[in-house]
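To get our numbering, take the position in the sequence shown, counting from 1, and add 18.
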Amino acid sequence: VVFAIIFVDQYAKFMVVERLNLFDRFTLTAFLDLTRLHNTGAAFSMFASDSGWQRWPLTLISAGVGTTLIGWLVRNAAKSPVLLNTAFAMIAGGAIGNLIDRLNQGYVVDFILFHIGQWHYPAFNVADSCITIGLILFLIETYRSSKRAKKTTRH
């Protein structure tokens with residue numbers, strides 16, 4: 019799963035860079051465009067307008083999260099719930115996908131842009147989507163495991 023996410027993320031970014039100039043937009047639907055933006059910040063372009071100090075801390079965070087979760091999966095996947103393994107694999111794949119961008123370019127390529135009228139959600143990419151979905155799955159599994167633990171302590 020981790021490697022599939024990295025591949026899809028990097029391939030999608032490659033196709034966007036090959037076909038769109040910076041700031042170009044291609045309309046897919048009334049609410050969804052493809053664009054090409056270079057995000058030097060974090061999620062939702064946080065810190066993007068800063069002077070550049072953020073590159074290496076964000077790179078280290080991506081590397082740390084990706085390698086820690088892959089290490090955890092190698093050691094624990096066989097005895098852990100599938101949903102937790104999937105969550106960690108998605109987060110790790112997304113973190114490494116964005117890490118590759120930061121190491122190679124100093125920024126992350128964002129290209130998915132949702133909008134309604136003049137309102138725009140911050141642009142994002144496949145890696146960001148996987149990190150977000152992975153976090154949601156992690157929260158679901160955490161909730162489910164706490165309910166299972168409560169059931170076993172009552173019996």
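The beta carbon of each residue, even a glycine, is placed where N, CA and C say it ideally should be.
- With contact defined as three or more Cβ pairs closer than 8 Å, the segment 41-60 and the segment 120-138 are in contact.
- In the DSSP annotation of this structure, the continuous segment of the alpha helix (DSSP H) that includes residue 100 starts and ends at 100-123.
- From the listed residues 50, 82 and 91, the smallest Cα separation to residue 19 is found for 91.
- If the five residues before and after residue 106 are omitted, its C-beta is found closer than 8 Å to the C-beta atoms of 87, 90, 91, 152 and 156, all from its own chain and listed in chain order.
- Residue pairing by DSSP places residue 127 opposite 56 in a beta bridge.
- Residue 101 and residue 132 have their C-alpha atoms some 28 Å from each other.
- Note on geometry: alpha-carbon atoms of residue 99 and residue 39 lie some 43 Å from one another.
- Put simply, of 169, 119, 171 and 140 the residue whose alpha carbon is nearest the alpha carbon of residue 25 is 119.
- For residue 21, no beta strand (DSSP E) run applies; the uninterrupted alpha helix (DSSP H) run containing it begins and ends at 20-37, by DSSP.
- Boundaries of the beta strand (DSSP E) harbouring residue 45: 43-45, taken from the DSSP string.
- Here residue 34 is near residue 127, since their CB atoms are less than 8 Å apart.
- The Cβ-Cβ distance between residue 50 and residue 129 does not fall below 8 Å.
- In this structure, 48 is the residue among 111, 115, 146 and 48 with its C-alpha nearest to the C-alpha of residue 136.
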